[in-house]
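Undergrad: Take 1 as the starting number for the sequence shown in full-length UniProt numbering and just add one per residue. Quick one: the structure is below, questions incoming.
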Amino acid sequence: MSEDTKTAGPAMDAYWMPFTANRQFKKSPRLLTRADGMYFVDDKGRQVLDGIAGLWCVNAGHNRPRIVSAIQQQAAELDFAPPFQMGHPKAFELAERLAALTPAGLNKVFFTNSGSESVDTALKMAIAYHRVRGEGARTRLIGRERGYHGVNFGGISVGGMVANRKMFGTMLGGVDHIRHTHDPVRNSYSVGQPAHGAEFADDLERLVALHDASTIAAVIVEPVAGSTGVLIPPQGYLQRLREICDKHGILLIFDEVITGFGRTGHPFAAQTFGVTPDLMTVAKGLTNGCVPMGAVFAKQQIHDTFMNGPEHLIEFFHGYTYSAHPLACAAALGTLDTYAEEGLLTRAGEMQAYFAECLHSLKGEPHVIDVRNIGLVGGVELSPLPGEPAKRAFSIFLDCWEQGLLIRTTGDTIALSPPLIIERSHIDRIIDTLRAALRRAA
Ligand code: PMP
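Written out as C-alpha cells, the structure reads:
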C-alpha cells in the first residue's frame, strides 16, 4: 500500500475509481455501507440523506422489499439465459409493461446494460435504419453542446463535455453539434421551463443547410440536460426540434437516462413536454439502480423497417451478452410494481411546487447566481472561484457530506434529484443544510 492511501478501513490501492480524483478520495474516503428509504448509512454509522437518488437512479428510494425479493427469487430460479436466439419469459413481460408506459408509438424495447450502451445502441439503430430503408448516405449524427450521453465512443462524440472528449482522440467522424440552450441573461432564476430560447433549435436548420438532410441520420438531446448543470428546455424548443426533424426526415432521439421513470412528473420527460421522439434511451430508474440495465425504445415503424428489410436473417446486428439479463428483468419488474403501487411516476408533479419554492428561496444566498428546476430535479449555480472552476461547488458538496446530506456537483452547479418518495420534511432539511453550507462558505 502506498503512503498516501493508508487508512484504517479496507485497503484502497487496487480499485481505480471512475470519475473520481482517486488520490484525493483515498486520503479521506467516503464509504457507504447500507441504505434504506431516503437514507444511506456510512462506514461510521452516520445517516446521510440522499439528495440525488444515488446517482439520479434510486427513484423509489433504497432497499425496497419488492425489488429485493424479486432479485433474490430470480437468482435462485434462472441466473442467466443467453439473449441471442434464446429468450426467457420475464424479458417479454418487461418489454410489454414498458411499452405500455412509454409515449404513444414507442412500443418496441431493446435491452442494454447502461445509459452509455443505450446511447450507442440508439445511434447505431438510427444509422442502420436509414440504410435498411435505402438511404445509406444518412450517417451523420448531431449532438448538442453541453450534452452528456455516457462515455462510450458514440456517446462522447455526440456529447458536448470537453473534459470527457479531450483526452480520447478524434471521436467518431461525421458528427456535428447544435448550441446548448443555457441563457443565463434572459432566463435567470426561471421556475420550470424558461421563456426564452426556442430559437436555439433553429441551429438544426443551419446544419441541414450546411450538410444537406440526405446525410443526416439523427439528432440526440437530453430533454433536461442533467450532468452538465441541470438545463431545462426553453418553452417551445423541443417542439421546434421535432418540427425540423420531421421536415427533413431526421430521427429525433431523446436521451432520458436521467429524466425517465418519473423525474419530471410523468413517466418520461417526452410526456411532460408533449414531444415524442423516434428513439428514446433509458437506464438508471429502470431498475431503481439495483441491477445494471438500460433500454432503447423505438417507434413501431422503425422496428418494422428492420423486420421487413433486405438483411432479414438477423435484423439488427447488435446486442450484449447481458441484454435482458434475468436478474435485471426481475429487478425492473419489481421496480415497476413499486412505482405503480405508490404512484411514484407522477409524484414529482405533485411535489414540484413545494420543491421549487424551497429551492428558489436560495436566491440571494452567498455565491448563488442562478436556480433552475423542473419536477424533482433542481440546479443551484454558484459563481466560480476565480481561476478554479468547480472548486467552490465541490467544497459545498464536502460540507454537506459532513452535515449528513449527499448532493452532486457538476462544474459550479449543485444538482439535486432526490428519490421520488421524498416528503416535505426532507426537502426542508436539504435546503436548510445547503443554505447553511453556502453561508459558511461566504
Ligand atoms: N445519458 C445521460 C443523459 C446520462 O445522464 C448518463 C449518466 N448520468 C448516461 C447517458 C450514461 O449512463 P451510464 O453511466 O449508465 O452509462
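In this text, a Cβ means the ideal position worked out from N, Cα and C, and glycines have one as well.
Below 8 Å on the Cβ atoms is my guess for D36 versus H62; work out the distance and round it to an integer in Å.
TA: The residue given as residue 36 occupies position 36 in the sequence shown. The residue given as residue 62 occupies position 62 in the sequence shown. Confirmed, about 5 Å.
Undergrad: By Cβ distance below 8 Å, which residues in the same chain neighbour A390 in space, the five residues on each side in sequence not counted?
TA: Here residue 390 is taken as the residue at index 390 of the sequence shown, counted from 1. The residues are P384, T409, G411, D412.
Undergrad: Consult DSSP for H248 and reduce its assignment to one of helix, strand or coil.
TA: Taking the sequence shown and counting its residues from 1, the one referred to as residue 248 is at position 248. The answer is helix: DSSP assigns H248 an H, G or I state.
Undergrad: What would DSSP say about A35, mapped onto helix, strand or coil?
TA: Numbered from 1 along the sequence shown, position 35 holds the residue referred to as residue 35. Reduced to three states, the DSSP call for A35 is strand.
Undergrad: With contact counted as at least three CB pairs below 8 Å, one residue from each stretch, are the stretch 203–221 and the stretch 257–272 in contact?
TA: Verdict: no, contact absent.
Undergrad: Do I314 and T281 have their C-beta atoms closer together than 9 Å?
TA: By 1-based counting over the sequence shown, the position of residue 314 is 314. By 1-based counting over the sequence shown, the position of residue 281 is 281. Not in contact: I314 and T281 (Cβ atoms no closer than 9 Å).
Undergrad: In the DSSP assignment, find the unbroken beta strand (DSSP E) run with T112 in it and report its ends.
TA: Taking the sequence shown and counting its residues from 1, the one referred to as residue 112 is at position 112. Run containing T112: 108–112, per the beta strand (DSSP E) assignment.
Undergrad: Kindly indicate which residue of V132, E199, A218 has the alpha-carbon position closest to the one of V158.
TA: The residue you call residue 158 lines up with position 158 of the sequence shown. If we check each option's Cα against that of V158, A218 comes out closest.
Undergrad: Any idea what DSSP makes of R439, helix, strand or coil?
TA: Position 439 of the sequence shown, counting from 1, holds the residue named residue 439. The answer is helix: DSSP assigns R439 an H, G or I state.
Undergrad: Quick check: does the Cβ of H177 come within less than 8 Å of any heavy atom belonging to the ligand PMP?
TA: The count along the sequence shown starts at 1 and reaches residue 177 at position 177. False, no ligand heavy atom lies under 8 Å from that Cβ.
Undergrad: CB residue 468 to CB W56, shorter than 9 Å?
TA: Past the boundaries of the shown model lies residue 468; the chain is included only from 1 to 442, so the question cannot be answered.
Undergrad: So, helix, strand or coil for E3, using DSSP?
TA: Stepping through the sequence shown from its first residue, residue 3 is reached at position 3. Low confidence applies to E3: its pLDDT is 47, below 50, so where it sits in the model is not reliable, and the reading given next is rough at best. The answer is helix: DSSP assigns E3 an H, G or I state.
Undergrad: Quick one: any contact between the stretch 62–73 and the stretch 324–343, if contact means 3 or more CB pairs under 8 Å?
TA: Yes, the stretch 62–73 touches the stretch 324–343.
Undergrad: Could you tell me the boundaries of the beta strand (DSSP E) in which I156 lies?
TA: On the sequence shown, position 156 is the one that residue 156 refers to. Where I156 is concerned, there is no enclosing beta strand (DSSP E), although the alpha helix (DSSP H) it sits in stretches over 153–158.
Undergrad: Residues bridged to H62 by DSSP?
TA: As a working mapping, residue 62 is identified with position 62 in the sequence shown. Looking at the DSSP assignment, H62 forms a beta bridge with G37.
Undergrad: Suppose the cutoff is 8 Å on Cβ atoms and the five residues either side in sequence are ignored; what does the same chain contact list for S395 look like?
TA: In the sequence shown, residue 395 corresponds to position 395, counting from 1. Contacts found: A441.
Undergrad: If you reduce the DSSP assignment to three classes, tell me which class Q403 lands in.
TA: Taking the first residue of the sequence shown as position 1, residue 403 is located at position 403. Q403: coil per DSSP, three-state reduction.
Undergrad: Put A217 into one of helix, strand or coil per three-state DSSP.
TA: For the purposes of this step, residue 217 is identified with residue 217 of the sequence shown, where counting begins at 1. In this structure, A217 counts as strand in the three-state DSSP scheme.
Undergrad: With A269 as the anchor, note down where its alpha helix (DSSP H) starts and where it stops.
TA: Position 269 of the sequence shown, counting from 1, holds the residue named residue 269. A269 -> alpha helix (DSSP H) spans 269–273.
Undergrad: Helix, strand or coil for M280, going by three-state DSSP, please let me know.
TA: In the sequence shown, counting from the first residue as 1, residue 280 sits at position 280. In this structure, M280 counts as strand in the three-state DSSP scheme.
Undergrad: Could you say which of V132, P18, L398, I52 lies nearest to V307 if we only look at CA atoms?
TA: Along the sequence shown, read from residue 1 onward, the residue named residue 307 stands at position 307. It is Met, not Val, that sits at residue 307 in the sequence shown. Selected option, being the one with the closest Cα: V132.
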